[in-house]
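Chemist:
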Amino acid sequence: MDRQTLYREELLEHYRNPLNFGELSDYTVSAKQTNPFCGDDVEMFIKLNEDKVEDIRFTGQGCAISMAGASILTERVKGKVKSQLTKFSENDMLNLLGIEVSETRKKCALLALSVLKDCIYGVKSKS
Ligand code: FES
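Read the sequence shown against numbering that gives the first Met the number 0 and you will find it ends at 126, with the numbers running on by one and no gaps.
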């Protein structure tokens, strides 16, 4: 099995059994975005302890790439501090997915990262 096939299998596994799926009642920040091309959405909830991501969950519905991306990303950022997350780039996200993503699927692949950035830059804080 080549690397691309392995990554693809892993993505499908994340899609079928996403990690960190669900809402977080005691979150500090949250954000939601919809992919304008297909209407799929991701909402993210982050519990911060000072600047550190203590817990993170997401909900939403979408294609395999967007859902698997949210699953993988939320797992990766647990325990990280805000300054590390602001440096996390679109290329880092694409590398995390590990598969070739066509131009048309980039919005899917980057949807979760975009929502994460909204959370980090504090679009909506829980009052
Ligand atoms: Fe909707 Fe991928 S087709 S997020």
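Just so it is clear, CB atoms sit at the ideal spot from N, CA and C, and this is done for glycine as well.
Flag residue 57 as yes when its Cβ comes closer than 8 angstroms to any non-hydrogen atom of the ligand FES, and as no otherwise.
Modeler: As a working mapping, residue 57 is identified with position 58 in the sequence shown. No - the ligand FES has no heavy atom lying nearer than 8 angstroms to the Cβ of residue 57.
Chemist: Beta-carbon within less than 8 angstroms of residue 11's beta-carbon, same chain only, minus the 5 sequence neighbours each way: which residues are those?
Modeler: Looking up residue 11 in the sequence shown gives position 12. Here the set comprises 63 and 67.
Chemist: Do the stretch 36–51 and the stretch 70–89 touch if we need at least three Cβ pairs shorter than 8 angstroms?
Modeler: Yes: the two stretches touch, three or more of their Cβ pairs being nearer than 8 angstroms.
Chemist: Helix, strand or coil for residue 74? Go by DSSP, reduced to three states.
Modeler: Working through the sequence shown from its first residue, we reach residue 74 at position 75. In this structure, residue 74 counts as helix in the three-state DSSP scheme.
Chemist: From the DSSP output, which residues share a beta bridge with residue 59?
Modeler: If you number the sequence shown from 1, residue 59 lands on position 60. Answer is 41.
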